[in-house]
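Residue numbers (mature numbering (1 follows the signal peptide of the UniProt record, and there is no 0)): -20 to -1, 1 to 484.
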C-alpha cells in the first residue's frame, strides 16, 4: 500500500509553551501515551509534555515503540518528531488501528516534520526499527495544520537488503555451509529427515538405527509398556495400529516420552488414533511423532502433544490433531505446545484443526528460554487463535495454509521474532499480531498471500501487522530449506498434510 507523505527536517526555534498549542497529543480527547519499554527515569508521558528537556528513552536500541493515543478517533495531517540527539537510523509511523504504515525514514534529529495528508485514528505508533544507541524522543507532536504542503506519493517501505544483518536476534551457528536461503521447487513430502530447526545438531533421527528396537502396539497399555521398557542404549520405534484410549491405557492419563532419547512413535496407515489421550515429551531428546490422529484430549495436560524442556531435536510430522469448537474455550488446551528449555523443533505437514487454542510456545511471560521452532507445510483450519502464540526465541513459519482463522493468528510476544514466509492466509482475522504481553514480538514477513483477510482494532498494548504486513524485524536462518511458491501452497499442502499421505 502506498502512503502519501512529505518529510522535512527543520530545527524550529519554539518555546516550550508553543509546543503545547494545538498539539493534539496533549489537547486531544483523553490524550495518553504508552510504549514497549522505558529506561530508568524515562516516561512515555514525556513525549507529550511540551518540554524539550525531558524524553522517552527505551530500554533497547531496536524494535521499540512509543505511541500517542486518544479516547476517540481524531483527524490530523501533520506530525513533528523531536529527538534529543541523533541516534535513530530507521523509524516508522503506523496507524495502530489498522496497521497501515503512514511514513518511514532513516533519521529523526532535532525536529522532523511529517505531512501525512488527512488521516484519522485512535492511536498512532512511532516504531524505532533501529538506532545506534537507545534514542531519546523528546516530543511526539500531532497537529491538524492549515499550512502543510501537498504531500508527494512515496513508498513507505524503504529498500531492504534481501539478506540483511539480523534484527533483534542473531541466530547461532547452524548447519555447516548453510546459507539460510530457500531452495525452490517440488520435493519429497515423505522424507525421512526433517527440515528446519530439527535438522540442526546432527539432525533428528528418532528410533532409526541398525540396533533399533521395533514394536507394534494396539492398546494404550502396550504403548506405556514399550516406552517404560526402552533399552537406554538402543533406539526405539513404536508403530501404533489401532485406537488408543483412556480405557485401554491401564490408568495412564497421557503417554509420556520421559527421560528418554532416540524414540519414534509412528502410526500404521490410517489406523492409528489417540482418542481423548495425548503425548507428553518431557526431558527427552531426538524424538519423532508421525502419522497419528489425536483428538479431543481433555485429560492429563489436555494437549494433543506437549513438549516440556529440557528437550532437543523434536520432529512432529504428518499428524492430524483436533479438538472441538462446540465447548467452552478452556475445555481443551493446545493441539501442540512447548514450554521451558526446548530447542531444535520442527512441525511439518500436520493437519491442525477445529480448536480454540492451537499452539502455545512459552507458558507465560516469564518462560524466557530462547526456543527455536520451525512450522512448514501445515494445514490450519477452523481455528480460533494461537497459530502459534510464541514467547521469546525464534520461529520460522513457511509454506503453511491457514483457512478460517476466527480471532488471531501468528502472535509473537516478549521479544520473540518470527520469519513468516510464503504462507497463504484465507478467510482469516488478524493473521499476524503481537497482543497481550508485557513486551511486543516482531515479524520478518516475506511473500505471503492474504485472501479475504479482516483486520480489527488491537488492544491498547498490541500491534497488528495490517494489510501491508510490513516487517518489524529481520531473522536470518542457520539452515537451508526447500520451499514452493506461494501460489502453489494451497494445493501442495492439501495434497500432503495429515495422516495416510506417506508409506510409513
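Using N, Cα and C, we set each Cβ at its ideal position, and we do this for glycine too. Source: prediction; values computed, not measured.
| Query | Result |
| --- | --- |
| Where the beta strand (DSSP E) through residue 318 begins and ends | 316 to 319 |
| Backbone CA spacing between residue 247 and residue 16 [nearest angstrom] | 45 Å |
| One or two residues paired with residue 392 in a DSSP bridge | 370 |
| Own chain, CB closer than 6 Å to residue 60, minus 5 neighbours either side, in chain order | 93 and 121 |
| Expected contact under 8 Å - CB spacing of residue 466 and residue 428 to nearest Å | 7 Å |
| Same chain only: Cβ atoms within 7 Å of residue 232, ignoring 5 sequence neighbours per side | 200 and 204 |
| Residues that DSSP places opposite residue 429 in a beta bridge | 404 |
| contact_flag[the region 288 to 302, the region 208 to 225] where n(CB pairs < 8 Å) is 3 or more | no |
| Check whether residue 113 and residue 41 have beta carbons under 9 Å apart | yes |
| Paired residues, beta bridge with residue 385 - DSSP | 363 and 408 |
| N-terminal and C-terminal residue of the beta strand (DSSP E) that residue 322 is part of | 322 to 328 |
| Buried or exposed (CB count within 10 angstroms, at least 16 for buried), residue 9 | exposed |
| Host alpha helix (DSSP H) of residue 470 (start-end) | 469 to 476 |
| Residue 24 - DSSP class collapsed to helix/strand/coil | helix |
| Boundaries (first-last residue) of the beta strand (DSSP E) holding residue 246 | 241 to 247 |
| Terminal residues of the beta strand (DSSP E) in which residue 450 lies | Element bounds for residue 450: n/a, residue is neither H nor E. |
| Counted within 10 angstroms of its Cβ, other Cβ atoms place residue 333 as buried (16 or more) or exposed | buried |
| Beta-carbon proximity of residue 413 to residue 389, cut-off 9 Å | yes |
| Alpha-carbon spacing of residue 486 relative to residue 260, whole angstroms | There is no way to answer for residue 486, as the model of the chain reaches only from -20 to 484. |
| One or two residues paired with residue 119 in a DSSP bridge | 62 |
| Where residue 486 falls, given that 16 or more other Cβ within 10 Å makes a residue buried | Outside the displayed span of the chain (-20 to 484) sits residue 486, for which this structure offers no information. |
| Minimum C-alpha distance to residue 262 - residue among 253, 365 and 318 | 318 |
| Alpha-carbon spacing of residue 320 relative to residue 372, whole angstroms | 11 Å |
| Residue environment, residue 217, which counts as buried when at least 16 other CB atoms sit within 10 Å | buried |
| Best match in 383, 475, 459 and 190 for proximity to residue 159 [C-alpha to C-alpha] | 459 |
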